[in-house]
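Enquirer: For reference, the structure I am asking about is given below.
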Amino acid sequence: MSVKERGKTDLQLQLLALYLLFVVPIFALALLLYSIESERLREDVSAADLSLARAIALETDSLLRLAKEAAIAYAKLPVVVQADTERMPAAFSAGAIARQDVNLLYRLSKDGIMMYHYPSSPGSTVGEDFSFRDYFTEAKATGQHVFSKGRISPTTDRPVVTSVMPIYKNGQFDGVVGVNLELQRLTETVMQISEKRPEREKIDIIIVDSTGQVIAHSNPDKLLTNFSDDSSPVLQAVLNGEEGSLTSESNSETWLYSYTPMPTANWGVIVQHSTRLAFASLKRFQQGLIIALVTFSVGAILFWIFLSNRVINPLAQLTRYGEGIGQQFSGTELIPETIEPLSERPDQIGRLARTLLRTERSIRQRLMELTTLNKTSTVVASSLDTEQVISAILDEVRRLFHVRQCALLITDEVQEELRIHASRGLSQNYLSHLELTETTMQSPAYRAISTGQPVQVSNVASDSNFVSLLPLAKAGGYRSLLVIPLIAPHVPPAALAIYRDDEHVFTEQEVNLATSFANHAAIALEHAMLFSLTDAQLQQRVQFLSALNAVGHTVSKSLDIEDILNNAMDTVLEVMPIDACWICLQRESEDFLRLRAQRGLPPLLVEQMEQQIIYYGRGFIGQVAESGEPLLLEDAHLYRHQWPDDPLLNYEDWQCLAAAPLLAKDDIAGVLGIASRTESTFSETEVELLRAIGDQIAIAVVNARLYRRSREAAVFEERNRMAREIHDTLAQGFTGILIQLQAAERL
Numbered sequence: 016m017s018v019k020e021r022g023k024t025d026l027q028l029q030l031l032a033l034y035l036l037f038v039v040p041i042f043a044l045a046l047l048l049y050s051i052e053s054e055r056l057r058e059d060v061s062a063a064d065l066s067l068a069r070a071i072a073l074e075t076d077s078l079l080r081l082a083k084e085a086a087i088a089y090a091k092l093p094v095v096v097q098a099d100t101e102r103m104p105a106a107f108s109a110g111a112i113a114r115q116d117v118n119l120l121y122r123l124s125k126d127g128i129m130m131y132h133y134p135s136s137p138g139s140t141v142g143e144d145f146s147f148r149d150y151f152t153e154a155k156a157t158g159q160h161v162f163s164k165g166r167i168s169p170t171t172d173r174p175v176v177t178s179v180m181p182i183y184k185n186g187q188f189d190g191v192v193g194v195n196l197e198l199q200r201l202t203e204t205v206m207q208i209s210e211k212r213p214e215r216e217k218i219d220i221i222i223v224d225s226t227g228q229v230i231a232h233s234n235p236d237k238l239l240t241n242f243s244d245d246s247s248p249v250l251q252a253v254l255n256g257e258e259g260s261l262t263s264e265s266n267s268e269t270w271l272y273s274y275t276p277m278p279t280a281n282w283g284v285i286v287q288h289s290t291r292l293a294f295a296s297l298k299r300f301q302q303g304l305i306i307a308l309v310t311f312s313v314g315a316i317l318f319w320i321f322l323s324n325r326v327i328n329p330l331a332q333l334t335r336y337g338e339g340i341g342q343q344f345s346g347t348e349l350i351p352e353t354i355e356p357l358s359e360r361p362d363q364i365g366r367l368a369r370t371l372l373r374t375e376r377s378i379r380q381r382l383m384e385l386t387t388l389n390k391t392s393t394v395v396a397s398s399l400d401t402e403q404v405i406s407a408i409l410d411e412v413r414r415l416f417h418v419r420q421c422a423l424l425i426t427d428e429v430q431e432e433l434r435i436h437a438s439r440g441l442s443q444n445y446l447s448h449l450e451l452t453e454t455t456m457q458s459p460a461y462r463a464i465s466t467g468q469p470v471q472v473s474n475v476a477s478d479s480n481f482v483s484l485l486p487l488a489k490a491g492g493y494r495s496l497l498v499i500p501l502i503a504p505h506v507p508p509a510a511l512a513i514y515r516d517d518e519h520v521f522t523e524q525e526v527n528l529a530t531s532f533a534n535h536a537a538i539a540l541e542h543a544m545l546f547s548l549t550d551a552q553l554q555q556r557v558q559f560l561s562a563l564n565a566v567g568h569t570v571s572k573s574l575d576i577e578d579i580l581n582n583a584m585d586t587v588l589e590v591m592p593i594d595a596c597w598i599c600l601q602r603e604s605e606d607f608l609r610l611r612a613q614r615g616l617p618p619l620l621v622e623q624m625e626q627q628i629i630y631y632g633r634g635f636i637g638q639v640a641e642s643g644e645p646l647l648l649e650d651a652h653l654y655r656h657q658w659p660d661d662p663l664l665n666y667e668d669w670q671c672l673a674a675a676p677l678l679a680k681d682d683i684a685g686v687l688g689i690a691s692r693t694e695s696t697f698s699e700t701e702v703e704l705l706r707a708i709g710d711q712i713a714i715a716v717v718n719a720r721l722y723r724r725s726r727e728a729a730v731f732e733e734r735n736r737m738a739r740e741i742h743d744t745l746a747q748g749f750t751g752i753l754i755q756l757q758a759a760e761r762l
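FYI, the numbering for the sequence shown is 16 to 762, going by our numbering.
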């Protein structure tokens, strides 16, 4: 058996599927929740770090932009351009005072020789050659403002970056002016930002220049070092002017990098965040989720084990036991699995086991009864002899109930009496019939028949309703009785009576068994009644077909309409229980109907109907012609107010009228009607027969009309042929005479 088929029949698999249907979605929901929260947390951390990087980049870029503007301004200042060493201190000191992040301003000659720097102490590098510096070379080559790489200034001995602007005199390069920015201040700023964050949110803030050198770092030891090679994708992205976040592994640890560029100097700000710290809450959530899922899984497994041991396995054991009982009763040798331990349980399983044990005993007890009922059913199904079947039922009742007397009682509604149809053990002194009077209607048999419920009398002597029937009980020799009504739609009221010689209260099981026998008796009587009804209906159908065949045979003898109608009237009068019949036809050139044939109508009525022009929808016949459906008037005089001018309805003797249209290919050729002076109504079968006869007559009328048309067409064709021959003969004669006359003229 496949898993799919087994799943439909195995409760354990069904419960397991239902159990998994509950458990699996919980796991799936937990994993989905973890995935959603993980992604949300990653996005929040990345967004926070990126916002911090943007803020630092915005502030730093603003400082760089001011330094650039200052260098450009100094490069245009005449004092600086002329390299006036006496006046440059005043100019440079103003800039140094205004910008605390500026620790040195200086002027280099066109050869890169230090001409002046402010402040001039504590150390001095005036006269030294700085032409080897990359910023000097680049500024001289490009003629544009440049930012130098981070370095240790030999003048101040501190880490700086220089904003350099070339100086031109008379269009010729004449050196540069430089503004050294204190990198230590940037480092201190990012260190303060980093230190203010909680321990679990510790980050590294890094500012790199265009060459990838660290300009500022939250860890001052890494100042002016190259950014890690493991983070080259981050460095490349930020120096390309990109902004975003990514993760990368470095030194066996995964880092989250958020970066943003500073366009003024092509620098970048990078926020480096350890994923171990950044996603610590996610890790705790993951651990809690795993613990919850493991706990839930263990609980689910323990619950399933408990459910299997306490419910599913006992149910399977009870199922096998029940199947074993059925196989034993079918003749197969099988010792069913004992369920005695389960029956000792106080819960529903124990009650089910005890019920199954009681059911087994009850089944064994009922098996004998069912065998007897099976024999009775065989007799009922194998014979249509009602007396034989009833006799067999009464014999089995006596044997199974261990009684001496039983009887089948049937109500004769015509004679108004309750008579014994068949009996066993009743004495000759017992009445074979009992008139239905007010006294006898209190008898158990009549009460059972009238109420449709079993009636039992445990002691006829003590039953108040049985006082008047005590002589009858003494004559029959019984002390208690049980009466079961026979209920069937086609059977007259009847009952099965079981008599006992002693006082006895019939149990529910005995009542049910007696009811089964009563049902078998009802089926036997029903079979007999249905057989007689079927035979009567068959005879009626044979008469119907015979009548229809007779009409069809009659109307097919001739193709003359008058002969067809007269023959049809004679046949209809013979095959149907009527006193009169008629046919009204519509001529092909007219739009109304006239009486064409009749049988049995009074002469005065015939005269009136022959003069009558019947239009569609007027009168009884016109109504049938318009509707195209048969019409039955069960009490003809009741319709006189509806059609007061209809001579058919004004005739006093009719009790019932019926008419059917003559239909041929959905065309109405006329109406066929019948009438009766004695019948109160026509049956549905007779109306159906009338309609079928009308269809036969309609076909015959249409055929006759077609035949007449064909004859007329043949006569017309013959006349045309003769006219053509006469015309051809005369034409040939005249032509010959004309030729002879012409020949005579030539002579």
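For every residue, glycine included, the Cβ atom is placed at its ideal position computed from N, Cα and C.
Keep in mind it's a predicted model, so treat the numbers as computed, not measured.
For K211, count neighbouring Cβ atoms within 10 angstroms of its own Cβ and tell me buried if that reaches 16, exposed if not.
Expert: For the purposes of this step, residue 211 is identified with residue 196 of the sequence shown, where counting begins at 1. The residue in question, K211, is exposed, as its Cβ has fewer than 16 Cβ neighbours within 10 Å.
Enquirer: Label Y150 either buried or exposed according to how many other C-beta atoms from any shown protein chain fall within 10 Å of its C-beta, with 16 as the threshold for buried.
Expert: As a first step, residue 150 is located in the sequence shown; it is residue number 135 there, counting from the start. Flag for Y150 reads buried.
Enquirer: Just list the beta strand (DSSP E) runs in the region 215-268, keeping only unbroken ones of 3 residues or longer that don't cross its boundaries, in chain order.
Expert: DSSP runs (the beta strand (DSSP E)) wholly in the region 215-268: 218-223, 229-232 and 259-265.
Enquirer: Can you have a look at Q29 and say buried or exposed, based on whether 16 or more other CB atoms are within 10 angstroms of its CB?
Expert: Counting from one through the sequence shown, the residue named residue 29 turns up at place 14. Q29 is exposed by the Cβ-count criterion.
Enquirer: For M130, which residues of its own chain have a beta-carbon under 6 Å away from its beta-carbon, when the five flanking residues on both sides are left out?
Expert: Residue 130 sits at position 115 when you count from the first residue of the sequence shown. Closer than 6 Å at the Cβ level, and outside the excluded window around M130, lie A98, R122 and S124.
Enquirer: How many whole angstroms separate the CB atoms of V412 and F532, which I take to be in contact at a CB cut-off of 8 Å?
Expert: On the sequence shown, position 397 is the one that residue 412 refers to. On the sequence shown, position 517 is the one that residue 532 refers to. Yes, they are in contact, since the Cβ atoms of V412 and F532 sit about 5 Å apart, within 8 Å.
Enquirer: Could you compute how far the alpha carbon of S345 sits from the alpha carbon of S477?
Expert: Residue numbering aside, residue 345 sits at position 330 when the sequence shown is read from its first letter. Residue numbering aside, residue 477 sits at position 462 when the sequence shown is read from its first letter. Caution is warranted here: a pLDDT of 49 is assigned to S345, below 50, making its placement in the model unreliable, and the coordinate value is therefore given only provisionally. Approximately 46 Å between the Cα atoms of the pair.
Enquirer: Does the region 284-293 come within contact of the region 308-323, defined as at least 3 CB pairs closer than 8 Å?
Expert: Touching, no, given that fewer than three Cβ pairs across the two stretches are closer than 8 Å.
Enquirer: Exposed or buried, L67, counting other C-beta atoms within 10 Å across all chains shown (16 or more means buried)?
Expert: If you number the sequence shown from 1, residue 67 lands on position 52. Result: buried.
Enquirer: Following the continuous beta strand (DSSP E) through L433, name the residue where it begins and the one where it ends.
Expert: In the sequence shown, residue 433 corresponds to position 418, counting from 1. Element bounds for L433: E432 to R439.
Enquirer: Nearest by alpha-carbon distance to G440: which of H417, D219 and T426 is it?
Expert: By one-based count along the sequence shown, residue 440 stands at place 425. Of the listed residues, the one whose Cα sits closest to G440 is H417.
Enquirer: If you draw a straight line from the C-alpha of A490 to the C-alpha of L484, how long is it?
Expert: For the purposes of this step, residue 490 is taken as the residue at position 475 of the sequence shown. For the purposes of this step, residue 484 is taken as the residue at position 469 of the sequence shown. Cα to Cα, A490 sits roughly 10 Å from L484.
Enquirer: Here's a check: name, in chain order, each residue in its chain whose Cβ is nearer than 7 Å to the Cβ of Q287, leaving out the five neighbours to either side.
Expert: Here residue 287 refers to the residue found at position 272 when the sequence shown is read from its first residue. Around Q287: I218, D219, I221, W270 and Y272.
Enquirer: A595 lies in the alpha helix (DSSP H); which residues open and close that run?
Expert: Within the sequence shown, numbered from 1, the residue matching residue 595 stands at position 580. Not the alpha helix (DSSP H): A595 falls in the beta strand (DSSP E), residues A595 to L600.
Enquirer: Taking the C-alpha atoms as reference points, what is the distance between A307 and L33?
Expert: Stepping through the sequence shown from its first residue, residue 307 is reached at position 292. Stepping through the sequence shown from its first residue, residue 33 is reached at position 18. About 21 Å.
Enquirer: Between which two residues does the alpha helix (DSSP H) containing A583 stretch?
Expert: Residue mapping note: residue 583 aligns to position 568 of the sequence shown, counting from 1. That run of the alpha helix (DSSP H) goes I576 to V590.
Enquirer: Kindly indicate which residue of A105, A70, R148 and E625 has the alpha-carbon position closest to the one of G165.
Expert: In the sequence shown, residue 165 corresponds to position 150, counting from 1. When only C-alpha atoms are compared, the closest one is R148.
Enquirer: Could you please give the first and the last residue of the uninterrupted alpha helix (DSSP H) stretch that includes T202?
Expert: Locating residue 202 in the sequence shown gives position 187, where the first residue counts as 1. From DSSP, the alpha helix (DSSP H) with T202 extends over L198 to E210.
Enquirer: Excluding five sequence neighbours on each side, which residues of the same chain lie with their C-beta closer than 7 Å to the C-beta of P508?
Expert: In the sequence shown, residue 508 corresponds to position 493, counting from 1. Excluding positions up to five away in sequence, the list reads T426 and I464.
Enquirer: With a cut-off of 8 Å on the beta carbons, I'd call A85 and R114 a contact; round off their distance for me.
Expert: Position 70 of the sequence shown, counted from the first residue, corresponds to residue 85. Position 99 of the sequence shown, counted from the first residue, corresponds to residue 114. With a Cβ gap of about 7 Å, A85 and R114 count as contacting.
Enquirer: What's the call for T522, buried or exposed, on a 16-neighbour Cβ count within 10 Å?
Expert: The residue labelled residue 522 in the question sits at position 507 within the sequence shown. Under this definition T522 is an exposed residue.
Enquirer: Counting only the same chain and skipping the five closest in sequence on each side, list residues whose C-beta sits under 6 Å from that of E197.
Expert: Residue 197 sits at position 182 when you count from the first residue of the sequence shown. Cβ within range, chain order: D116 and N118.
Enquirer: Determine, using beta-carbon pairs with one atom in the region 703-715 and one in the region 629-638, whether at least three such pairs fall under 8 Å.
Expert: Contact fails: fewer than three Cβ-Cβ distances are below 8 Å.
Enquirer: Near S260, which residues of its chain fall below 8 Å by C-beta distance, leaving aside the five closest residues on each side in sequence?
Expert: Against the sequence shown, residue 260 aligns to sequence position 245. Excluding sequence neighbours, S260 sits near S61, D64, L65, L271, Y272, S273 and Y274.
Enquirer: Just the Cα atoms here: how many angstroms apart are D517 and D400?
Expert: Within the sequence shown, residue 517 is the residue found at index 502, counting from 1. Within the sequence shown, residue 400 is the residue found at index 385, counting from 1. Roughly 34 Å between the two C-alpha positions.
Enquirer: Please name the residue or residues paired with P276 in a DSSP beta bridge.
Expert: Here the question's residue 276 lines up with position 261 in the sequence shown. DSSP lists G283 as partners of P276.
Enquirer: Using three-state DSSP, classify H132 as helix, strand or coil.
Expert: Locating residue 132 in the sequence shown gives position 117, counting from the first residue. Looking at H132 - three-state DSSP - the assignment turns out to be strand.
Enquirer: At 4 residues or longer, what runs of the alpha helix (DSSP H) sit wholly inside the region 398-429?
Expert: Counting only runs of 4 or more, we get 401-416.
Enquirer: Along the beta strand (DSSP E) that carries G685, what are the first and last residues, could you check?
Expert: Stepping through the sequence shown from its first residue, residue 685 is reached at position 670. Residues D682 to S691.
Enquirer: What residues in its chain sit with their C-beta under 8 Å from that of R720, if we drop five residues either side in the sequence?
Expert: The residue labelled residue 720 in the question sits at position 705 within the sequence shown. Within the same chain, R720 has close Cβ partners I576 and E603.
Enquirer: In this structure, does DSSP put A715 in helix, strand or coil?
Expert: If you number the sequence shown from 1, residue 715 lands on position 700. If DSSP states are grouped into helix, strand and coil, A715 belongs with the helices.
Enquirer: Measure the C-alpha to C-alpha separation of A105 and A111 and round it to an integer number of angstroms.
Expert: Numbered from its first residue, the sequence shown carries residue 105 at position 90. Numbered from its first residue, the sequence shown carries residue 111 at position 96. So the alpha carbons of these two residues sit roughly 10 Å apart.
Enquirer: For P676, report the span of its beta strand (DSSP E) as first-last.
Expert: Along the sequence shown, read from residue 1 onward, the residue named residue 676 stands at position 661. Looking at the DSSP string, the run of the beta strand (DSSP E) that includes P676 is C671 to A679.
Enquirer: Evaluate the contact criterion for the region 129-143 versus the region 38-52: three or more CB pairs, one atom per stretch, below 8 Å.
Expert: In short, these stretches do not touch, since the Cβ pair count stays below three.
Enquirer: Give the secondary structure of L616 by DSSP, where H, G and I count as helix, E and B as strand, and everything else as coil.
Expert: Counted from its first residue, the sequence shown places residue 616 at position 601. Three-state result, L616: coil.
Enquirer: Which full runs of the alpha helix (DSSP H) of 4+ residues lie inside the region 485-554, going along the chain?
Expert: The qualifying runs are 485-491.
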